[in-house]
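If you count by the working numbering, then the sequence shown holds residues 80 to 819, one letter each, in order. Positions of the beta carbon are idealized from the N, C-alpha and C atoms, including for glycine. Working notes, structure below.
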Amino acid sequence: MATTAIGGWIASACISKLVDKVCSYAGDQYEYQREDTKDKLRSLKESLLTVQELVCRAERLQGKETNIANQLRGIKDAAYQAEDVLDLFDYRVLEAQAEVMDKVTTKAQVMGKVTTNSISSAIAGSSSSCSSSSSSITTLSSDSTVKRSVRALKRFLFCDEDLTKLAAAVTIFNEIDSRMKTLLELLKLENRAPEHPVQWRTTTSMLDTTKFFGRVSEGKHLKKLLIQKNKKSSQPYDVISIVGIAGVGKTALAQKVYSIFYDKEKHFDFMAWLHVSNKFDVERLIKELVQSVHLCTAAELSSISSLDQAQRILKDKLKGSRILVVFDDVWNEMSSQWENLCKPLQSTSKGSKLIVTTRSQNVANINGATEIVHLDGLEDEDYWEHFLQCAFHDANPSQFPQLESIGQELVKKLAGSPLAAQTVGNLLKFKLDEKHWETVNGRKLWQIEQKEDGIMPALRLSYVRLPDHLKQCIIYFALFPKNYQLRGDALIRMWRAHGFVNKETPDETAYRYINDLLQISFIRKVANIEDHYVVHDLLHDFAESISNGEHFRIEDDFHVSIPTNVRHLYVNASNISTVYASLEENIEIKKNLRSLIICKADVASWSWTRTSNFNYALEETLKELGSLRVLVLRHPAGVLPNNIQHMVHLRYLDIKESREFTFLPTSLFGLYHLQALSLQSRYVNRLKIGLENGISRLTQLRYLDAPPGIISGIKLIGKLTFLQEFNHGNAKKRKRTASL
């Protein structure tokens, strides 16, 4: 798969997120900035808007120009750098608010004049604009003092070093703007028509010449649906949707059943097959229906001048007929267009059927499907036979026992996908050689050379249609191993930590992101476990290809090099020392890393010495990871280091499976961006004291997950105005008031 398009998709999503952040920051904090800061923010915003437009235009090249790929990677890196700068500015504001609140609280406790709620209200009010703040100033003189103090501090929050970083970000984007314009002009992109994603095939009702394997029960079920009449339906026709991920065999199943009725069973008066694809052109589709089976002469067809005329001709021709029409590869999610297409079909007789093949459950719902046939991968035995046909073609597999053995390993990677078997088989069949097959088997699916009709380009079509925020969300699955079960609420919190979900977006809306990915079969629910999800195997491969090293895993034995462009790292606890050594060799990795997930090791085999070494390596590893947004420590003997004050961007901290630490480091309460905190410990009372002393400083905290003995009785928890949810063991509760 071409890396240019990959880089473009990620760059586009990063730029889009950064533009929103700059605009939001300018709106929230603009009035408090020094003039030189204002100028730099204005310049950055203007450059970003220009670069955003250029990136969108560059993406149309779809991976044909290496120079564009390099530029897009540079844009992405610059976007991360600029985001860190703006994030640091926000941190300075939160830090100033915490310091003022500490001083006022101390004074209030001495004088006994200000309540906890009034201080909290005053601090919250100080973040709004002057006009709104001045109208909401309370009569409490202490509240007014808090607001004035914070406003004064905000004007001097940003040191010369901060402004230098902002200036550097502005300079980078100005240079990128200039280079991109020049490059696009050289490539004459301005004079080219916009390029749409490659249409990787056009289908007809004709079956392939190769043998059809499997789908016996699905075929019988579909045939039964076509024959039976739905007496309850108010429409003369029923809509049957076949739904599944790209390459799973939706079209092949429809072709198989269609051919049975076309060749043998004369159940329908009229049959037609229409390949719809990504452009849902109602007029084209109706004209094709009119033209099918000579419903209209060539002269009549050429004389049709409008959609209305075409609809009326079709309605008259089909009146009283029982029809079967297949609409293959439908993407349209506009109900009005589907209704427009089906208007002429109201004249057909009861028992008419429309089959819709689609990758999206939403499409099936919008099309009013009365029955939905969900397709997963082929059964193992059927899939093996299909793979042998694709890989050996006319050769006899039994004559190549060594290759059959390699093939058994290969099919495990293909998730039962007929198209994946065809993609790999096309590469294998030209060289029935053990060395060649071993080479292919040693690669990941996305690393195998593919034509535009291969499985990865097919998945790419689904991906490019996603909105930017969902593109980033699905890529994040590449950080975790295949078949890794992710809890929905944890997933949303990690997405939120990275800005894929906006700060203002409520969890109920964020769950729609998960539902959207479910609808297009990118992820699935884990059976019998509530709110747990797994990404589809092939989409995991695809996400890895798009990530291109930014999301990296070190599982089992450490035998790979960490890519220099890595930003999200998943590692087995037993490999933490080796990771530390690798990070020491590469300063860029330490500077850029945004996620670190340390998963469980085999604790039973660990000695006290290994635990001690692990915690030392952990402390050394975390020392310079200043850009982390997500930190997960899943090691029962792991201990959070004392000095983590440098992790100012951290938003998600999960240490609930680390039960041996006896206290919370005071530096934790200086991580003012922290949104989610998960704790567990045998030393409940000590941790409770630590939280009571510092939790009020974590004003952005939205989620607190800890045992009942820790949470109950924390007096200052009411000051956390953003806190939405906290868990008492297994009992999840919503915070109802700020004074809980």
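- Quick one: Cα of R608 to Cα of R566, how far? According to the sequence provided, residue 608 is Ile. The question's Arg does not apply to it. Distance between the alpha carbons of I608 and R566: 9 Å.
- On the premise that L672 lies in contact with L701, defined as a C-beta separation below 8 Å, what is that separation, rounded to the nearest angstrom? Their Cβ separation, rounded to whole angstroms, is 10 Å, which puts L701 and L672 out of contact at 8 Å.
- Message: Spatial neighbours of L457 within its chain, please: C-beta separation below 6 Å, excluding the five flanking residues on both sides.
- Response: G293, G495
- Query: Identify the residues that DSSP records as bridge partners of H647: which are they?
  - Reply: H630, S674
- If you draw a straight line from the alpha carbon of T690 to that of Y659, how long is it in whole angstroms? 15 Å
- Task: List the DSSP bridge partners of M350.
- Result: Under DSSP, M350 forms a beta bridge with L403.
- Over the uninterrupted alpha helix (DSSP H) stretch that includes A443, give me the two end residues. 440-445 is the span of the alpha helix (DSSP H), which, as asked, contains A443.
- Message: Can you tell me where the beta strand (DSSP E) holding S320 begins and where it ends?
- Response: Its beta strand (DSSP E) spans residues 316-322.
- Going by the beta-carbon positions, is the gap between L506 and E488 smaller than 8 Å? no
- Task: Starting from N785, trace the alpha helix (DSSP H) both ways and give me its first and last residue.
- Result: The question names Asn, yet the displayed sequence has Ala at residue 785. Unbroken run through A785 is the beta strand (DSSP E), 782-785; no alpha helix (DSSP H).
- Y316 to K302, Cα distance in whole Å? 15 Å
- Out of curiosity, what's the CA-to-CA distance linking P546 and I553? One C-alpha to the other measures close to 11 Å.
- Query: In chain order, what residues of the same chain have a beta carbon less than 8 Å from the beta carbon of V718, not counting five sequence neighbours either side?
  - Reply: N694, L697, S737, E739, F740
- Based on the DSSP secondary-structure assignment, which residues constitute the bridge partners of I451? I451 pairs with S320.
- To the nearest angstrom, report how far apart L747 and D169 are at their CA atoms. Rounded to the nearest angstrom, the two C-alpha atoms are 17 Å apart.
- Spatial neighbours of I383 within its chain, please: CB distance less than 6 Å, with the 5 preceding and 5 following residues excluded, ordered by chain position. A389
- Message: Taking its Cβ as the centre, do 16 or more other Cβ atoms sit within 10 Å of K366, making it buried, or is it exposed?
- Response: buried
- Query: In or out: I602 buried (at least 16 other Cβ within 10 Å) or exposed?
  - Reply: buried
- Query: Which residue from M573, E379, H548 puts its Cα closest to that of F559?
  - Reply: M573
- Task: Determine the DSSP secondary structure at K432, reduced to helix, strand or coil.
- Result: strand
- Task: May I ask you to verify whether the stretch 339-349 touches the stretch 515-532, counting CB pairs closer than 8 Å and requiring at least 3?
- Result: no
- Message: Taking its Cβ as the centre, do 16 or more other Cβ atoms sit within 10 Å of Q176, making it buried, or is it exposed?
- Response: buried
- With a threshold of 7 Å, establish whether the CB of L780 neighbours any heavy atom of the ligand FAD. In the structure shown, the ligand FAD is absent, as is every other ligand, since no ligand is present at all.
- Message: Going by C-alpha to C-alpha distance, which of P642, K335, F631, I251 sits closest to T289?
- Response: Nearest option by C-alpha distance: K335.
- If you run the structure through DSSP and keep just helix, strand and coil, what is L753? coil
- Task: Taking 8 Å as the threshold, find out whether the stretch 320-339 comes into contact with the stretch 447-461 through three or more Cβ pairs.
- Result: Taking a cut-off of 8 Å on C-beta distances, the stretch 320-339 touches the stretch 447-461, as three or more cross pairs fall below it.
- From N253, I402, D784, pick the residue whose C-alpha is nearest to that of D340; which is it? Checking the displayed sequence, the identity of residue 340 turns out to be Phe instead of Asp. Across the set N253, I402, D784, the C-alpha of I402 shows the shortest separation from the C-alpha of F340.
- Query: Which class does T437 belong to by DSSP, given the choice of helix, strand or coil?
  - Reply: strand
- Cβ neighbours of S213 in the same chain (closer than 8 Å, five flanking residues each side left out): With a pLDDT of only 31 at S213, under the threshold of 50, the placement of this residue in the model should not be trusted, and no figure is reported.
- With distances taken Cα to Cα, identify the nearest neighbour of G705 among V727, F742, Q468, A716. V727
- Rounded to whole angstroms, what's the CA-CA distance from H577 to H752? Just pull it up for me. 12 Å
- Given L467, which residues of its chain have a CB within under 6 Å of its CB, disregarding the five upstream and five downstream residues? P476
- Selection from I789, R781, H630, R708 that minimises the alpha carbon distance to A742: The residue asked about is misnamed: residue 742 is Phe in this sequence, not Ala. When each option's Cα is compared against that of F742, the closest is I789.
- Check whether I677 and I655 have beta carbons under 8 Å apart: yes
- Query: Do the stretch 576-592 and the stretch 621-638 meet, that is, are 3 or more Cβ pairs less than 8 Å apart?
  - Reply: no
- Item | DSSP three-state assignment for V614, whether helix, strand or coil | Strand, per DSSP.
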